[in-house]
Each structure stands twice: as structure tokens, then as C-alpha cells.
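No gaps in the numbering here: position 85 of the sequence shown is 84 in numbering that gives the first Met the number 0, and each next residue is one more. Every residue gets a Cβ at the ideal spot worked out from N, C-alpha and C, and that includes glycine. Just below is one structure, and these are the notes that go with it.
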Amino acid sequence: MNEEELLEEQKRQARRAKIEQMRREKMRQERFWKTVKIAIPSVIALVVIVLVFHQFVGVEFVDRLQEKRRQKQMEQEELSRRAEELANNPDAAGFDVVKGEDQSADENAPALAQGQSASALLPEEEDAQDGASSNVLGGDGSNGQLSPFMDGYSSSAEALSAHVTDQTSGFSTEVVSQYGVLMDAETGEIKAMRNAGERISPASMTKVLTVLVAAENLPDPDLEKKVTITIDTTDFSYRNDCSAVGFSVDEQVTVRDLFYGTILPSGGDAAHALAVYVAGSMDGFADLMNEKLRQLGLSGSAHFTNCVGLYDEEHYCTIYDMAIIMDAAMRNEFCKEVLSAHVYTTTKTEQHPEGITVSNWFLRRIEDKDSGGLVVGAKTGFVVQSRNCAVSYATDANGHPYICATGAAGGSWKCIYDHVRIYKAFFSDGGFDPATIGDAPSVDDPGEADGE
Numbered sequence: 000m001n002e003e004e005l006l007e008e009q010k011r012q013a014r015r016a017k018i019e020q021m022r023r024e025k026m027r028q029e030r031f032w033k034t035v036k037i038a039i040p041s042v043i044a045l046v047v048i049v050l051v052f053h054q055f056v057g058v059e060f061v062d063r064l065q066e067k068r069r070q071k072q073m074e075q076e077e078l079s080r081r082a083e084e085l086a087n088n089p090d091a092a093g094f095d096v097v098k099g100e101d102q103s104a105d106e107n108a109p110a111l112a113q114g115q116s117a118s119a120l121l122p123e124e125e126d127a128q129d130g131a132s133s134n135v136l137g138g139d140g141s142n143g144q145l146s147p148f149m150d151g152y153s154s155s156a157e158a159l160s161a162h163v164t165d166q167t168s169g170f171s172t173e174v175v176s177q178y179g180v181l182m183d184a185e186t187g188e189i190k191a192m193r194n195a196g197e198r199i200s201p202a203s204m205t206k207v208l209t210v211l212v213a214a215e216n217l218p219d220p221d222l223e224k225k226v227t228i229t230i231d232t233t234d235f236s237y238r239n240d241c242s243a244v245g246f247s248v249d250e251q252v253t254v255r256d257l258f259y260g261t262i263l264p265s266g267g268d269a270a271h272a273l274a275v276y277v278a279g280s281m282d283g284f285a286d287l288m289n290e291k292l293r294q295l296g297l298s299g300s301a302h303f304t305n306c307v308g309l310y311d312e313e314h315y316c317t318i319y320d321m322a323i324i325m326d327a328a329m330r331n332e333f334c335k336e337v338l339s340a341h342v343y344t345t346t347k348t349e350q351h352p353e354g355i356t357v358s359n360w361f362l363r364r365i366e367d368k369d370s371g372g373l374v375v376g377a378k379t380g381f382v383v384q385s386r387n388c389a390v391s392y393a394t395d396a397n398g399h400p401y402i403c404a405t406g407a408a409g410g411s412w413k414c415i416y417d418h419v420r421i422y423k424a425f426f427s428d429g430g431f432d433p434a435t436i437g438d439a440p441s442v443d444d445p446g447e448a449d450g451e
């Protein structure tokens, strides 16, 4: 190749290189603009979404978070205030766990405080003029006669005359619950107590009275009768954030299922359905509950507004009242059967072909603990205003029955271990060492819900 041809070839290669460079540059520009065309609408859409979320959801979400923080802070401040009040005035501690108000001057608050002597009086029946005897545990309130119940089951008209004695003590400082009472269920002697006459919110311990009232007022004694679960029942449980058995709308369940569902998993759906089945409405059932409180001689210190234990300023009792209610329920053979069940499986239905298996977690958790005896039946409760509470029925090594009720523990396990400590102290050693008796320690946390 001569020099002239070589020069021409170099020019051609230079032109090809330049054309290739221009092609690559054009492709880069096309990719850039294609990316811009995709990115800009995406960014705009994202901005619009963020603005819409912030406008319609974000503000409400942030407000909810802030409200929760404020509520938590208020709860902590209230707990600190109560702890300081206990520290400054350990002999009285006369505040109301429901309202947070001073109850020392409340004429309806029974005069029970730690360390009182046998001269202290328990609540007296205010409605004696109506003809109801305060020592009748169940029935229609006339001469100890009982309302008809179910074939094969019975209630007892025996009176439990609860009373303090010279041996009645307080609780050991190891017991963290702010309220408590241990009662001999045979003699009525109060073995130990702490703030037993102070008003509390009973939370789901309420359901002990629910099953007792339902059992004594069943419109049909057939426990296998089917009841249809309505949307009102499921909505009630969901709307109030209740523990639930898990029944479905239109599911056909038995009356027996409703009793066990009310106690074992603390089912708000079961309690609602049971109340409506018995009384036609929640309000009507609440009237029956308050009538039963009157028959038990507790109307001066207890008043219930619902069958579940939802917090309400007008829904209250004392821890002493709760022990008496538990005694009445355990004297009813069917209620005792329900309160003593560890596990239960509901009837098989189309919605639940295998049934629903539920447990009484208090009994399951305490069954392997050394209480010195046997815990037969129990019911727990929790709302923020009451913290963790429970009422239980146990027998010592000789089969002698006792009832323990506690309130305002800072956790479900703390509540359970309080019952273990109380029973063991009296079953094994005959009581607490006087050197350890004192007020409850301050509660650092607000407690925890546990199927309540």
C-alpha cells in the first residue's frame, strides 16, 4: 500500500471512530432522558402519596403516638404519686384505685385496713329493710330459699359469716399486690388482709359473678341448648378489645360452651352471649348482677355495670367483696366445675370442626408451684386502672378450703406468685412472720394483660 492509500485508510478509520463516538453519545442521551421521563412522574407520585398520607393518616398517627406517650407518662406519674402516698402514710393508704381519689371519708367504704383488731367491722347490708338476709349466698333472698337451678346441680344457702379476729394479720412485704385478703371458706375467719375494704375495679374477676348469676337465672336448664353467635357479640368483643374465645358470626354453640368460654380464656364474646341469652340484654343482666350483690350483702360497697369487667367508674367492689362472690360461686356446684377446669374444648361446629380448646392460665401456671396445698379454682383480671388481680379457691393438705383475692400487682406472674406465697405461708407455717408484715412495695410497672 502506497503512502497515498495509507493516508486515505487512516482518514476512514478516524471517521468511523468519530461516528461510533457520536452513536454512543446519542445512546447515553436517550437513556438519560428515558430515565428522567420515568423518574420525574415517580417522584411526583411519591410526593403526592407522602402529602396525602401526612394529611389524612400521618397527623392522626402522630397524634395517637403522642396521646399514648401522654397516657403512659400520666400513668407513671400516678403510680409514683401512689407510691409516695404509701411511703408517707403507710397505715392508711386511703386512695381509690378506680378514681384515684381519697376514700378515707367515703361512708360506703368498709373500714378494713391492715392490722385492724377483731373489733373492726366488715361491710353491713344497707338494704336489710327490703327483707333480704345478708347471710344468704344465692337464691331469691327470702328465708334462705334458692331459685330453681338445673337438675343435677345445686346451690348452697349456707352463710359465710366473714369476720376478723385477734389473729388476723397483714401480708408479708414479699406480697407485692396493693390489695388482698385470705379467708377461711369454712369458718369465715379472715386470716390476713391488706386494704381489703378499699374500692377497686374488679376487671375480669367480674366474670365470677357473671357465671353465678347466669347459672341461677337460666331460662332453660339444658346446657346443651344451642345459642347463635351474633355480630353484636363479636363486635362487642372487638370494639372493647376483650379477650375472646374466637366464636364466629352465626356459629351455633352450646350454653355450656358459653360458661366455660367466659371463665377459661376470659372470653368477652362468651360473656356477652351468655348475658344476652339469660337476660335479653347487657343492661338487663347487670340488673341481675346487682340484685345478686344485694342478696350477698354487698350492695353497700359493690356495684357492677357490665358482665365483662370493662372499666367504668360505676363498676366497682372491694377485694373483700370479691372473696365473698368467689365463695358464693364455689358453693354452686356447676360454677365450681367451670372455675376448676384447667382445659376445655368447645363443641364441634361448621366454623370450628375440631372445636376451640381454651385454658385457665392461672390454674395452668400455678399447678406446678409449691403452695402447700391445692389451688382448685381461679379467675384473673386486668385493666389498666386495676392492674393484675385474681381470686382463687384452694385447699390445704387436710382439704380445708380457703379463698384468696388480690389486686393491683405489677404483672401476671407477680399476681400468681402472690397467691403462692400467701397460701404457702398459712398452709405450711400458719402465717407470715410478724417481722415481715408491712405495706406492699411500690409498683414500678402498670401491669400486663394476660387473656383478661
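- Within 10 angstroms of the beta-carbon of K347 lie fewer than 16 other beta-carbons, which makes it exposed.
- Taking C-alpha positions only, A161 is separated from S247 by approximately 43 Å.
- In the three-state scheme derived from DSSP, where H, G and I count as helix and E and B as strand, Q251 is classed as strand.
- Annotated three-state conformation of C316 is strand, per DSSP.
- Closest in C-alpha terms to K206, from the list D268, T227, Q28, V342, comes D268.
- DSSP lists T394 as the bridge partner or partners of P400.
- Distances from the CA of R255 to each of M329, A278, T344 were compared; the closest alpha carbon is that of T344.
- DSSP places S411 in the helix class (H, G or I) of the three-state scheme.
- By the 16-neighbour rule on beta-carbons within 10 angstroms, K25 is exposed.
- The beta carbons of T209 and C306 sit about 4 Å from each other, so the pair counts as a contact at 8 Å.
- Contact check for A285 against T304 passes: the beta carbons are separated by less than 8 Å.
- Taking every protein chain shown into account, the CB of I43 has fewer than 16 other CB atoms within 10 angstroms, so this residue is exposed.
- Boundaries of the alpha helix (DSSP H) harbouring Y276: 267–278, taken from the DSSP string.
- Pairing A214 with L292, the inter-Cα distance amounts to about 15 Å.
- When only Cα atoms are considered, D231 and T405 end up about 33 Å apart.
- Beyond the five residues adjoining it in sequence on each side, I365 comes within less than 7 Å, by CB distance, of V374, I415, H418, V419 in the same chain, given in chain order.
- Looking from the CA of T164, the closest CA among G179, S176, T186 belongs to T186.
- At least 8 Å separates the beta-carbon of V226 from that of Y319.
- Less than 8 Å divides the Cβ of A191 from the Cβ of T167.
- Nearest Cα to S370 within the set L338, A424, K17: A424.
- Counting every other CB atom within 10 Å of its CB across the protein chains shown gives Y392 a total of 16 or more, marking it as buried.
- Between F361 and A377 a beta carbon distance of about 4 Å is seen, short of the 8 Å cut, so the two are scored as contacting.
- The alpha-carbon of P201 is positioned some 21 Å away from that of G169.
- Our two residues, N359 and I262, have alpha carbons roughly 7 Å apart in a direct line.
- Secondary structure of N387 (DSSP, three-state): strand.
- L217 is bridged by DSSP to nothing; it lacks a bridge partner.
- Counted as a single uninterrupted DSSP element, the stretch harbouring Y178 is not any alpha helix (DSSP H) but the beta strand (DSSP E) occupying residues 178–183.
- Cβ-Cβ distances below 6 Å link F235 to H271 in the same chain, with the five nearest sequence neighbours on each side left out; the list follows chain order.
- Per DSSP, M204 lies in no alpha helix (DSSP H) segment and is marked neither H nor E.
- In the same chain as H302, and ignoring 5 residues on each side of it, the C-beta atoms closer than 8 Å to its own belong to N289, L292, E313, H314, Y315, C316, in chain order.
- Our two residues, I436 and F426, have alpha carbons roughly 17 Å apart in a direct line.
- Counting C-beta atoms within 10 angstroms of its own C-beta, K413 has 16 or more neighbours from the protein chains shown and is therefore classed as buried.
- At the C-beta level, V277 and P352 stay beyond 8 Å of one another.
- Checking the DSSP bridge columns, you'll see K378 partnered with V390.
- Of the residues G409, L5, V390, G398, the one whose Cα lies closest to the Cα of I421 is V390.
- Contact between D326 and I402 holds, with the beta-carbon distance rounding to 6 Å and staying under 8 Å.
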